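Peer 1: The structure's right below; bear with me while I get my questions together.
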């Protein structure tokens with residue numbers, strides 16, 4: 001059984017992998033995989049939490065093909081069920097070019113409840129990681145019940161990070177981190193470091209996301225990041241479109257916003 005020096009969980013938000021027309025940008029996925037492959041050569045294993053299945057499904061099924069489905073949850077199920085294999089085809093092909101293997105791990109929230117479901121999840125992840133296989137996780141939207149869904153993939157990422165005892169959790173979004181004002185304003189700056197007891201929520205702007213563009217926002221990321229950091233998993237919020245962002249974070253460069261647990265005296 002092979003062990004690795006570090007474990008990193010990377011969550012890729014929908015806004016990272018799509019363009020302004022809400023189309024999946026494969027070259028961005030390739031840049032992510034390239035960084036994962038380079039970390040693998042350093043004996044660091046990565047788990048990817050990937051959004052995008054709903055958008056990928058919408059690329060296949062344009063709106064007029066399912067306009068007879070009035071229920072939003074059911075539309076999401078259809079889009080996700082169609083889009084998930086499309087996303088995995090992208091990942092499988094890219095990892096194959098690097099001589100690496102990846103695997104799909106779909107989960108519902110109950111799988112993380114203490115007991116047989118959680119133990120089974122641990123066995124799955126440990127088996128994949130010990131074989132040098134990169135797990136690619138997402139919520140099983142096709143069968144998840146609306147009342148017990150993850151709040152978003154940020155929450156899923158934090159649960160996976162805790163499950164596999166990750167050293168680092170990286171939440172990739174389309175901004176450079178947590179700002180002390182509106183990210184588009186010239187006088188706003190990235191807050192480089194935030195402790196779990198530091199209040200930064202007042203800086204958060206409201207989101208106007210449309211269907212399929214992801215359920216999470218910066219407020220969710222901060223809550224999830226503080227929760228993970230409180231369990232001794234150092235967490236970063238950073239721009240997934242920045243070149244080598246994952247490598248730079250793992251190598252200790254000053255990138256994004258770092259959320260950490262304030263040590264008690």
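In UniProt numbering, the protein residues as written are 1 to 265.
Glycine included, every Cβ here is placed at the ideal spot set by N, Cα and C.
The model shown is predicted, which means the values in this text are computed figures rather than measured ones.
Exposed or buried, residue 153, counting other C-beta atoms within 10 Å across all chains shown (16 or more means buried)?
Peer 2: Buried, since its Cβ has 16 or more Cβ neighbours within 10 Å.
Peer 1: Closer than 8 Å by C-beta to residue 44: which residues in its own chain qualify, once you throw out the five before and the five after it? Chain order, please.
Peer 2: Here the set comprises 4, 5, 6, 7, 8 and 250.
Peer 1: Of the residues 119, 180, 217 and 185, which one's Cα is nearest the Cα of residue 199?
Peer 2: 180
Peer 1: Is residue 52 near residue 87, with beta carbons less than 9 Å apart?
Peer 2: yes
Peer 1: Count the CB pairs spanning the stretch 53–61 and the stretch 16–24 that are closer than 8 Å, and state whether there are at least three.
Peer 2: yes
Peer 1: Name the DSSP beta bridge partners of residue 236, please?
Peer 2: BP columns for residue 236 point to 170 and 258.
Peer 1: The alpha helix (DSSP H) with residue 54 in it runs from where to where?
Peer 2: 53–60
Peer 1: In whole angstroms, what is the alpha-carbon distance linking residue 17 and residue 173?
Peer 2: 9 Å
Peer 1: Rounded to whole angstroms, how far is the Cβ of residue 259 from the Cβ of residue 229, which I believe are closer than 8 Å?
Peer 2: Indeed, because the Cβ distance is near 5 Å, the residues count as touching under 8 Å.
Peer 1: With the cut-off set at 9 Å, would you say residue 196 and residue 261 are in Cβ contact?
Peer 2: yes
Peer 1: With a threshold of 7 Å on Cβ separation, who are the neighbours of residue 95 within its own chain once the five nearest residues in sequence on each side are excluded?
Peer 2: If we look at residue 95 and ignore the five residues flanking it on each side, its Cβ neighbours are 33, 101, 102 and 134.
Peer 1: Taking the alpha helix (DSSP H) that residue 88 falls in, what are its first and last residues?
Peer 2: Boundaries of the alpha helix (DSSP H) harbouring residue 88: 72–97, taken from the DSSP string.
Peer 1: Between which residues of its own chain and residue 119 is the CB-CB distance below 7 Å, once the five residues before and five after are set aside?
Peer 2: none
Peer 1: What number of angstroms, rounded off, separates the C-alpha of residue 253 from the C-alpha of residue 245?
Peer 2: 9 Å
Peer 1: For a quick check, are the C-beta atoms of residue 125 and residue 47 less than 9 Å apart?
Peer 2: Yes, the pair counts as a contact, with Cβ atoms nearer than the cut-off.
Peer 1: Could you work out which residue in 193, 203, 220 and 160 is closest to residue 256 when comparing CA atoms only?
Peer 2: 193
Peer 1: Cα-Cα, which of 68, 219, 27 and 114 is closest to residue 159?
Peer 2: The residue among 68, 219, 27 and 114 with its C-alpha nearest the C-alpha of residue 159 is 114.
Peer 1: Nearest to residue 127 by alpha carbon, out of 235, 105 and 185?
Peer 2: 105
Peer 1: Going by beta-carbon coordinates alone, are residue 201 and residue 219 separated by less than 9 Å?
Peer 2: yes
Peer 1: Among the candidates 187, 182, 231 and 189, whose CA atom is the shortest distance from the CA of residue 163?
Peer 2: 231
Peer 1: Looking only at C-alpha atoms, which of 77, 225 and 39 sits nearest to residue 247?
Peer 2: The residue among 77, 225 and 39 with its C-alpha nearest the C-alpha of residue 247 is 39.
Peer 1: State the start and end residues of the unbroken alpha helix (DSSP H) segment that holds residue 27.
Peer 2: 26–41
Peer 1: Could you tell me the distance, in whole angstroms, from the CA atom of residue 123 to the CA atom of residue 116?
Peer 2: 10 Å
Peer 1: What's the call for residue 70, buried or exposed, on a 16-neighbour Cβ count within 10 Å?
Peer 2: exposed
Peer 1: Terminal residues of the continuous alpha helix (DSSP H) containing residue 118?
Peer 2: 116–130
Peer 1: So what's residue 242 in DSSP terms, helix, strand or just coil?
Peer 2: Three-state DSSP puts residue 242 in coil, outside helix and strand.
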